[in-house]
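J.:
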Amino acid sequence: MASGLRLRYSGLVIFASKILSVATGLAFQYMLARSVSVRDYGVWFNVSDLTTYFTILAGVFPFWALRFTARAKEGAIKTALAVNFAIASVAAFLYGIFVPTLTSALGIGLEYVPLYVLAAAQIVEVYVLNALESCLQAKLPHVIGYGLLIAELCKITLGYILIIRLQLSLLGALTSIIIGVAAQLTYYSSLL
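Here it is in structure tokens:
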């Protein structure tokens with residue numbers, strides 16, 4: 065193989081990590097569902113729904129970053145990160161502006177607004193994660209599987225501590241996901 069990529073190994077690592085992430089995702093949802101009220105669980109899904117609308121553009125520039133990184137174009141990685149981070153900043157800012165309006169329109173109590181505001185960190189993480197993964201997919205595709213394992217293991221471990229042991233419910237769940245993805249981003253950043 066001229067390029068040095070081990071495609072079978074990479075495919076196996078990514079497949080295994082995604083299968084494991086299904087199990088950890090189910091375990092995480094089970095921990096959360098058993099620890100919160102029905103209303104809180106509905107708010108949890110609403111937070112996820114709202115943040116998704118602000119991450120629609122997260123894959124636009126990484127598509128091109130993958131191509132340019134594979135062709136070893138100078139500055140492809142920095143450009144992908146800079147552009148996606150700039151879009152993420154705007155998206156998170158707009159999300160922060162709209163949170164009070166959206167929560168009041170949906171009849172969500174003021175006690176949940178800090179949770180929605182904290183979710184803005186997830187928006188930034190999604191944009192940066194997409195940029196880093198596209199660059200790594202061109203050079204070291206198997207590390208995407210390793211990064212997913214890191215994120216899932218951090219999420220489930222912190223989720224157990226914060227949700228079950230410390231009874232932080234939604235705040236603990238969101239914090240464990242944010243920290244898990246931050247660990248994944250740190251790992252990816254160390255490789256580029």
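Reading the sequence shown from the start, the letters are residues 65 to 256 in our numbering. The C-beta atom is built at its ideal place from N, Cα and C for all residues, glycine as well.
#1: Which residues in the same chain as Gly106 place their Cβ atom closer than 7 Å to its Cβ, once the five residues preceding and following it in sequence are excluded?
#2: Applying the 10 Å Cβ sphere with the 16-neighbour rule, what's the burial state of Lys137?
#3: May I have the straight-line CA-CA distance separating Leu84 from Phe162, to the nearest angstrom?
#4: Since Leu145 and Ala184 should fall inside the 8 Å C-beta cutoff, what is the C-beta to C-beta distance between them, to a whole number of angstroms?
#5: Can you tell me where the alpha helix (DSSP H) with Ser168 in it begins and where it stops?
#6: Within this structure, are the beta carbons of Ser81 and Pro205 separated by less than 7 Å?
#7: Please state whether DSSP places Gly173 in a helix, a strand or coil.
#8: Count the other CB atoms within 10 Å of the CB of Val124; is the residue buried (16 or more) or exposed (fewer)?
T.: Reading it off the structure:
#1: Hits under 7 Å: none found.
#2: With fewer than 16 other Cβ atoms within 10 Å, it is exposed.
#3: Annotation: Leu84 to Phe162 spans about 35 Å, alpha carbon to alpha carbon.
#4: The Cβ separation is near 19 Å, so there is no contact.
#5: DSSP places Ser168 in the uninterrupted alpha helix (DSSP H) bounded by Ala140 to Ala169.
#6: No. Outside cutoff.
#7: If DSSP states are grouped into helix, strand and coil, Gly173 belongs with coil.
#8: Exposed, since its Cβ has fewer than 16 Cβ neighbours within 10 Å.
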